[in-house]
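Letter by letter, the sequence shown follows residues 15 to 375 of my numbering.
The structure appears right after this line, and notes come after that.
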Amino acid sequence: MIEIDEQNPQDTDRLPSTEPIALDGDLAVLTTSRSVLAAQATAEAAGATPVTVPGGDPRAAESAKALRSTDGPVIGVGAQFVDTDTLAQRMHTVRTAEQLPGGGQVVFPGRMMVALYGHPGAPVLGVLGEQDLEATIARAREHASWYQADSDVPVVPTLEIIATVAAAGPGEDGDYSDEYPASQFEPYVRRAADEDVYVLLDLQPGRDRLIDQAKQYESLLKQPHVGLAIDPEWKLHGDQTPLRQIGHIDAAEINEVADWLADLTAGNDLPQKLLVLHQFQLGMLPDRNRIDTGRDELSYLVHADGQGTQGMKQATWQALHHEPPPNVWWGWKNFYDEDSPTLPPQQTVQVQPRPNLVTYQ
Numbered sequence: 015m016i017e018i019d020e021q022n023p024q025d026t027d028r029l030p031s032t033e034p035i036a037l038d039g040d041l042a043v044l045t046t047s048r049s050v051l052a053a054q055a056t057a058e059a060a061g062a063t064p065v066t067v068p069g070g071d072p073r074a075a076e077s078a079k080a081l082r083s084t085d086g087p088v089i090g091v092g093a094q095f096v097d098t099d100t101l102a103q104r105m106h107t108v109r110t111a112e113q114l115p116g117g118g119q120v121v122f123p124g125r126m127m128v129a130l131y132g133h134p135g136a137p138v139l140g141v142l143g144e145q146d147l148e149a150t151i152a153r154a155r156e157h158a159s160w161y162q163a164d165s166d167v168p169v170v171p172t173l174e175i176i177a178t179v180a181a182a183g184p185g186e187d188g189d190y191s192d193e194y195p196a197s198q199f200e201p202y203v204r205r206a207a208d209e210d211v212y213v214l215l216d217l218q219p220g221r222d223r224l225i226d227q228a229k230q231y232e233s234l235l236k237q238p239h240v241g242l243a244i245d246p247e248w249k250l251h252g253d254q255t256p257l258r259q260i261g262h263i264d265a266a267e268i269n270e271v272a273d274w275l276a277d278l279t280a281g282n283d284l285p286q287k288l289l290v291l292h293q294f295q296l297g298m299l300p301d302r303n304r305i306d307t308g309r310d311e312l313s314y315l316v317h318a319d320g321q322g323t324q325g326m327k328q329a330t331w332q333a334l335h336h337e338p339p340p341n342v343w344w345g346w347k348n349f350y351d352e353d354s355p356t357l358p359p360q361q362t363v364q365v366q367p368r369p370n371l372v373t374y375q
């Protein structure tokens with residue numbers, strides 16, 4: 015036991031001399047600001063590696079890059095590192111997972127995404143299907159380039175591929191959703207990896223269970239640059255049929271898919287995945303406040319994908335921002351044919367709050 019003089023707590027003469035602890039690997043000391051000079055100076059004097067983590071998440075691009083070269087223990091200095099289990103999990107990701115397109119292993123903040131939406135070979139479903147694979151990659155890059163000058167973070171070209179397409183008829187399985195095989199999208203996923211492009215697989219479930227559809231694409235979702243999008247508009251209940259109502263998905267079904275996707279991410283040492291929830295009416299996510307947005311393996315984004323006049327779209331945007339779940343990011347969609355008019359990039363970035371994801375259909 016060491017007695018501290020309460021009248022002079024800074025007196026270190028009473029402290030016994032000790033031998034330094036032998037460390038297995040390089041010690042890294044994390045701080046959230048360069049202003050924590052004492053911690054950084056102490057770390058450097060002890061031969062440790064000080065790393066600034068501005069947002070408190072070491073998976074962010076710059077800190078992840080600095081920490082990948084370390085292999086020893088980590089000390090976090092500051093309130094944002096109090097949860098040691100979360101810090102340990104994040105450091106495991108830093109040292110084992112691949113980088114996301116644009117760098118780092120956490121989706122937002124740190125990047126903006128600009129996506130083409132649609133289904134390969136089906137121009138009627140969106141701009142992604144209006145050209146072949148190579149031209150699609152080039153077009154996605156072109157769209158992303160429109161935003162880079164106005165962005166202080168990398169703008170990542172993205173493909174949002176409709177994997178299960180809402181169908182007018184019930185089909186052999188009676189679910190009013192055409193599920194295309196994962197193999198059909200493998201060429202897009204491979205080329206996207208080569209070109210530093212992110213991919214979202216979009217589900218239009220009809221009467222099918224979301225979890226059953228998501229699991230059909232497990233092999234693709236095991237790739238570090240592939241996330242998932244859920245489209246409640248096309249969810250059917252009971253004897254409902256398409257185009258007679260706007261669908262909805264309850265929080266319980268979304269949470270089931272989110273937990274499965276988060277577990278898949280953690281179990282395969284993957285960087286954080288983007289989970290997109292499409293919404294243009296409040297009733298599409300009727301109990302949105304019960305959606306669990308707390309899984310650290312996922313980045314949750316509400317995507318306003320309504321069409322119409324800019325006044326209508328702005329009103330929808332503001333309505334969706336009323337009492338959202340915690341920890342969500344935001345997406346905006348521009349329609350080439352249905353919007354009146356289509357918002358140019360210079361005005362799209364002026365939407366407030368500024369969208370993290372912009373898609374084109």
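Even glycine gets a Cβ: it sits at the ideal position worked out from N, Cα and C.
| Item | Value |
| --- | --- |
| Sequence-distant residues of its chain with Cβ nearer than 8 Å to Gly5 (five each side left out) | An answer regarding residue 5 cannot be provided, because it is not within the stretch 15 to 375 covered by the chain. |
| Classification of Asp4 by the beta-carbon crowding that lies within 10 angstroms, buried from 16 upward | Nothing can be reported for residue 4: it is not among the residues displayed for the chain, which extend from 15 to 375. |
| Under the three-state DSSP convention, the category Ala62 falls into | coil |
| Anticipated Cβ contact below 8 Å, Ala152 with Thr373, distance rounded | No, Ala152 and Thr373 are not in contact; Cβ-Cβ is about 17 Å, not under 8 Å. |
| Endpoints, the beta strand (DSSP E) within which Pro171 is located | 169-180 |
| Under the three-state DSSP convention, the category Tyr374 falls into | strand |
| Proximity below 8 Å, CB of His239 to CB of Ala266 | no |
| Cβ distance (whole Å) where Val389 is taken to contact Leu224 below 8 Å | Absent from the structure is residue 389, since the part of the chain shown begins at 15 and ends at 375. |
| Sub-8 Å separation of Asn348 and Phe122 beta-carbons | no |
| Nearest to Ile203 (by Cα), restricted to the options Pro87, Gly241, Asp310 | It should be pointed out that residue 203 corresponds to Val in this sequence rather than to Ile. Of the listed residues, the one whose Cα sits closest to Val203 is Gly241. |
| Ala149 versus Leu101, Ala163, Pro134, residue with shortest Cα-Cα distance | Pro134 |
| Val213: first and last residue of the uninterrupted beta strand (DSSP E) it sits in | 212-217 |
| Reduced DSSP category for Thr46 - H, G, I as helix; E, B as strand; rest coil | coil |
| Rounded separation between Ala329 and Ala318 - CA only | 11 Å |
| Tyr131 - containing beta strand (DSSP E), residue span | 126-132 |
| Check whether Gly70 and Gln94 have beta carbons under 8 Å apart | yes |
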